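Novice: The working numbering puts the sequence shown at residues 935 to 1031. Note that CB positions come from ideal geometry on N, CA and C, so glycine has one too. Quantities reported herein were computed from a predicted structural model and do not represent experimental measurements. One structure coming up, written as structure tokens, with questions to follow.
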Amino acid sequence: MTEDEVMRMPKAKMDGDNMIEGGDMLIFLAGTPAIYGKQMPYFLDPILKARTGVEPPADTDRIIEPVQEQEVNLEQVPNTCEGIFDEEQPDPSFFEA
């Protein structure tokens, strides 16, 4: 598509700040051709809107343990950046006008 074609794509129809009808859209996924489609706002579909009202579960089957705070002595932590900045750095005054 050209820039002009993209600019001419139908936009969503609005009533003030509220969308009353979806517009056209392009979806880009790596390694696949672009997908041209129509927006389908969930709040305009009664089934999808009803699904948004479902409360989250009170309990979870995941085990969540609190993070334990640890004190770390930075003198004992190995320096993984050692030598990266050892090469000669340019004089900053060289870049000033």
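Alpha carbon to alpha carbon, how far is E955 from P944? Give it in angstroms, no decimals.
Specialist: 11 Å
Novice: Distance, Cα to Cα, D958 vs K972?
Specialist: 4 Å
Novice: With a floor of 4 residues, list each alpha helix (DSSP H) that falls wholly inside the segment 970 to 1003, ordered by position along the chain.
Specialist: For secondary structure counted as the alpha helix (DSSP H) over 4 or more consecutive residues, the segment 970 to 1003 holds these complete runs in sequence order: 980 to 986.
Novice: Which two residues bound the contiguous alpha helix (DSSP H) that contains G955?
Specialist: Sequence check: residue 955 is Glu here, not Gly. Note, E955: premise wrong, no alpha helix (DSSP H); beta strand (DSSP E) at 952 to 955.
Novice: DSSP three-state label for M1035, please.
Specialist: Residue 1035 lies beyond the residue range present for the chain, which begins at 935 and ends at 1031; the question has no answer from this structure.
Novice: Going by C-alpha distance, which of L978, E1009, M935 is nearest A946?
Specialist: L978
Novice: Give every residue of the same chain whose Cβ lies closer than 8 Å to the Cβ of V940, excluding the five residues on either side of it in the sequence, and list them in chain order.
Specialist: L960
Novice: Measure the CB-CB distance between P967 and M953 and report whether it falls below 7 Å.
Specialist: No, the pair does not count as a contact, with Cβ atoms beyond the cut-off.
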